[in-house]
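Okay, so here's the structure we're looking at.
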C-alpha cells in the first residue's frame, strides 16, 4: 500500500524537521512502495544529517530501480531471441 508507506516516510521526515512538501517531493520521485520502504530504512538507520543526503539516497534508489528494469528488459529480449534461434522463423507458405 503505497499511501501507507508514503505517509510513514513523510511523518519520519517531519520528525527530523523537514517540511511535508519535501517528503511529498521525495515520495513522488520514488514511484514504488519498495523504493519507499528502502528510503524509510535509510531514514531510520542512516539518520541523514542534511536534505542533500536524503536526496542523494533517493537518486541512488531510483537509479538502482532503473538498472533493475533495464536488466529485466534485457533478460526478456534475450529469452525471445533464444526462442527465435531454437524454433526458427516460421515462414508463411506462399500459394
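Residue numbers (the numbering used here): 9 to 103. For glycine and all other residues, C-beta sits at the position ideal for the given N, C-alpha and C.
- The DSSP-derived three-state label of residue 18 is helix.
- DSSP, reduced to helix, strand and coil, places residue 24 outside both helices and strands of the structure shown, so it counts as coil.
- Per the coordinates, the alpha-carbon of residue 64 lies some 23 angstroms from the alpha-carbon of residue 11.
- Counting along the chain, the unbroken alpha helix (DSSP H) around residue 49 starts and ends at 41–54.
- In this structure, residue 30 sits near residue 59, with a CB-CB distance shorter than 8 angstroms.
- Closest by C-alpha distance to residue 22, out of 40, 72, 62 and 43, is 62.
- Contact annotation: the stretch 32–50 does not touch the stretch 75–95, with fewer than three C-beta pairs closer than 8 angstroms.
- Collapsing the DSSP output to three states places residue 29 in a helix.
- DSSP, read as helix, strand or coil, puts residue 34 in helix.
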